[in-house]
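In the numbering used here, each number is its position in the sequence shown, counted from 1, plus 6. Glycine included, each C-beta is placed from N, C-alpha and C at the ideal position.
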Amino acid sequence: MAKKNPVSTLLASVKQQGLRTTARKIWRKMSGDDYHVPSKLNMVVVEVTTYCNLKCSGCVRTIMTDENAWSNRHMSVQNFRTVVEALPPAKLFIPQGIGESTMHPKITELIRIAKQSGKFDRIEINTNALVRAVDFYARLFEAGLNGLTVSVDTLDEKLIGKLRAETDIPKLEARLREFSERFPDRIGVRVTVSKGNLPRLPDLFERLSQLGRFNVWLQPFFDMGYGSGVLDAGEAASLNTNLPRWLKEFPNLKIMPEPFLPSAEVCPSPWISPAVTVEGDLKPCCMILHQEKINFGNVLKVPFKELWASEDIERFRKGFVKKSPGCCSRCPYYAFRV
7 MAKKNPVSTL LASVKQQGLR TTARKIWRKM SGDDYHVPSK LNMVVVEVTT YCNLKCSGCV
67 RTIMTDENAW SNRHMSVQNF RTVVEALPPA KLFIPQGIGE STMHPKITEL IRIAKQSGKF
127 DRIEINTNAL VRAVDFYARL FEAGLNGLTV SVDTLDEKLI GKLRAETDIP KLEARLREFS
187 ERFPDRIGVR VTVSKGNLPR LPDLFERLSQ LGRFNVWLQP FFDMGYGSGV LDAGEAASLN
247 TNLPRWLKEF PNLKIMPEPF LPSAEVCPSP WISPAVTVEG DLKPCCMILH QEKINFGNVL
307 KVPFKELWAS EDIERFRKGF VKKSPGCCSR CPYYAFRV
């Protein structure tokens with residue numbers, strides 16, 4: 007087999023990915039020092055519960071529950087305090103993983119502990135908004151919560167059973183209206199876009215705009231073992247094409263899509279955005295809390311600072327800049343690099 011001409015390979019890479027990306031890839035192959043652990047992390051995720059009241063399509067909890075492989079548990083207040091005390095400062099702290107945070111019986115106390123630590127610029131959670139009364143969310147804000155997003159993939163009774171089973175749509179709509187009235191500028195909506203709801207997004211936006219004023223974040227469906235909902239490149243492109251029209255049609259909504267086409271860049275998460283499971287296991291990314299077995303020790307047994315600078319994770323990072331590990335094969339945000 008003839009060897010590839012390195013010059014031709016270089017020119018092809020520049021044409022396909024651009025000069026900047028190509029130059030970065032060359033540098034990363036020469037040096038593992040392109041990325042580093044900052045003194046203030048970008049984001050820290052700490053999973054406080056694995057309980058949830060819904061069965062969302064494609065969620066790893068739903069999949070593993072159907073396989074009798076899921077266990078519901080809460081992180082204790084003392085364990086949460088131990089984790090927070092060991093963490094470095096971070097721009098964003100999210101006390102949530104695969105589960106509904108508001109089902110934790112002590113979630114208000116947990117948020118207060120995180121706030122009183124003084125380590126985090128912002129504390130946010132995502133919720134389905136169906137578990138607690140509105141006054142409960144007011145207490146979360148009083149305890150130190152800065153922002154709250156509500157998962158709303160559809161408000162169509164014909165679709166809800168397929169996307170977010172057991173959702174009470176009238177209750178959710180009433181809650182969204184109350185949130186918009188009581189907590190303006192603190193509430194957002196998070197929409198996971200899949201093949202199942204892409205054609206009906208305008209209907210969802212119209213209904214949301216009738217309920218209040220919201221920031222609306224669009225995020226891609228993530229293959230956690232049920233990949234049939236993932237958008238293809240054409241569908242992702244159509245979403246980006248339609249965005250300017252939607253912004254004009256629904257002035258009550260500030261619609262902000264996350265990238266729907268994977269980046270060729272190297273994901274910085276293993277350096278700047280750690281995640282901790284409900285058992286205390288340290289993960290390099292919040293996207294692989296349970297469906298992948300990789301972890302770098304337990305922060306309830308070994309201090310976070312020691313684990314985040316361990317030989318194991320440094321070895322992982324050096325390999326990571328050269329190619330993607332298997333645990334990243336389903337990531338919707340970064341292309342799998344071989």
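Near the ligand ZN: residue i beta-carbon under 7 Å from a heavy atom
i	result
I166	Among the ligands in the structure shown, none appear at all, so the ligand ZN cannot be discussed.
Rounded C-alpha distance that separates residue i from residue j
i	j	result
M36	P268	Caution applies to M36, whose pLDDT of 48 falls short of 50 and renders its modelled position unreliable; the value that the coordinates give is listed next. When rounded, the distance between both Cα atoms is 24 Å.
R138	G105	15 Å
T51	V43	According to the sequence provided, residue 51 is Val. The question's Thr does not apply to it. Whole-angstrom Cα-Cα distance: 16 Å.
S45	M81	27 Å
M7	L17	Low per-residue confidence applies at M7: pLDDT is 45, beneath 50, and the placement is therefore not dependable, though the value from the model is reported in the following sentence. Spanning the two alpha carbons is a distance of roughly 21 Å.
P309	L60	34 Å
R87	T247	46 Å
R213	R206	11 Å
E97	D162	The residue you asked about is not Glu; residue 97 is Lys in the sequence shown. In a straight line, the C-alpha of K97 is about 36 Å away from that of D162.
Q216	I319	48 Å
R219	D191	9 Å
E264	S123	30 Å
A242	G233	15 Å
A315	P257	47 Å
V156	L224	12 Å
A180	A135	10 Å
V89	R321	24 Å
K299	E285	13 Å
G332	T55	26 Å
P338	F266	7 Å
I113	D72	27 Å
C334	E317	21 Å
R170	A239	24 Å
E255	L313	49 Å
For residue i: DSSP bridge partner residues
i	result
K61	A171
P44	P44 is not bridged to any residue.
Q225	T198
S269	Y340
G153	E130
M49	L98
M262	W223
H80	T55
I193	L154
Minimum Cβ-Cβ distance from residue i to chain D less than 8 Å
i	result
E53	The question asks about chain D, but that chain is absent: this structure has only one protein chain.
Cut-off 7 Å between Cβ atoms - residues of its own chain near residue i, not counting five sequence neighbours on either side
i	result
K168	S63, G202
I117	P101, I129, L146, A149, G150, L151
L295	E53, G103, I104, A281, T283, K289
G231	V66, I69, Q297
D287	N301, N304
L253	I261
I166	T160, T173, I175
S275	P290, C291
CB of residue i within 8 Å of CB of residue j, strictly
i	j	result
P111	L47	no
R343	K329	yes
F185	I175	no
P250	L237	no
K260	V222	yes
L204	L245	yes
W277	Y41	yes
R336	D209	no
N78	L306	no
A92	K311	yes
Residues near residue i by beta carbon distance below 8 Å, same chain, minus five either side
i	result
G38	Low confidence applies here, because G38 scores a pLDDT of 45, under 50, leaving its location unreliable; read the following figure in that light. R323, K324, V327, listed in sequence order.
F189	Y143, A144, F147, L154
V158	L178, L182, V195, R196, V197, L210, L214
E187	G218
E115	V83, A149
S279	L47, N48, M49, V50, V51, C291, C292
Cut-off 6 Å between Cβ atoms - residues of its own chain near residue i, not counting five sequence neighbours on either side
i	result
S200	F227, G235
T108	T133, V137, R138
V140	E184
C273	Y340
F99	V50, A120, F126, I129
T292	According to the sequence displayed, residue 292 carries Cys and not Thr. If we look at C292 and ignore the five residues flanking it on each side, its Cβ neighbours are V51, A281.
May I have a chain-ordered list of the beta strand (DSSP E) segments no shorter than 3 residues that lie completely inside the segment 241-324?
-> 259-263
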